[in-house]
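Numbering (my numbering), first residue to last: 15 to 151.
All remarks here apply to the structure that follows.
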């Protein structure tokens, strides 16, 4: 996923009076965006596995739940990529593939050695709905 959309990614973009943002794309642009997101997800997961041999990740088929098994040695940039950037890719793909209504994602962090729950995050339609519950390590 790119840090931001560039003009070749869309045909038009505008804001509606209610604050919704509309991005107009052709099917070719949709396909390219989905492929780019899928590639970013694949590379992010590979980097996560490379960071720790016991690390693993599971995501539900609908892209609404992700569980990460890791430990305190995970590199912060890799953890934030798994917890912030990849969920954005899953969310954008949800809409690009025709999803309707709100998209939310529950992210569960577990210790990869003990399976103990570390904490949970909930993506709920953007930053204004992002919540975190912290449990002990």
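We put the beta carbon where it would ideally sit given N, CA and C, even for glycine.
- Across the set 79, 67, 30, 106, the C-alpha of 106 shows the shortest separation from the C-alpha of residue 51.
- Cβ-Cβ separation between residue 91 and residue 48: approximately 25 Å, too far for a contact (criterion under 8 Å).
- The straight-line gap separating the alpha-carbon atoms of residue 129 and residue 118 is approximately 24 Å.
- A distance of 8 Å or more separates the beta carbons of residue 97 and residue 125.
- Here residue 73 is near residue 79, since their CB atoms are less than 8 Å apart.
- Listed in chain order, the beta strand (DSSP E) runs fully inside the stretch 106-144 are 118-125, 131-138, counting runs of at least 3 residues.
- Apart from sequence neighbours up to five positions away, the residues of its chain that approach residue 127 with a beta-carbon distance below 8 Å are 68, 85, ordered along the chain.
- Taking 8 Å as the cut-off, the Cβ atoms of residue 30 and residue 36 count as close.
- Take residue 61, set aside five residues on each side of it, and the residues of its chain with a beta-carbon closer than 8 Å to its own are 92, 95, in chain order.
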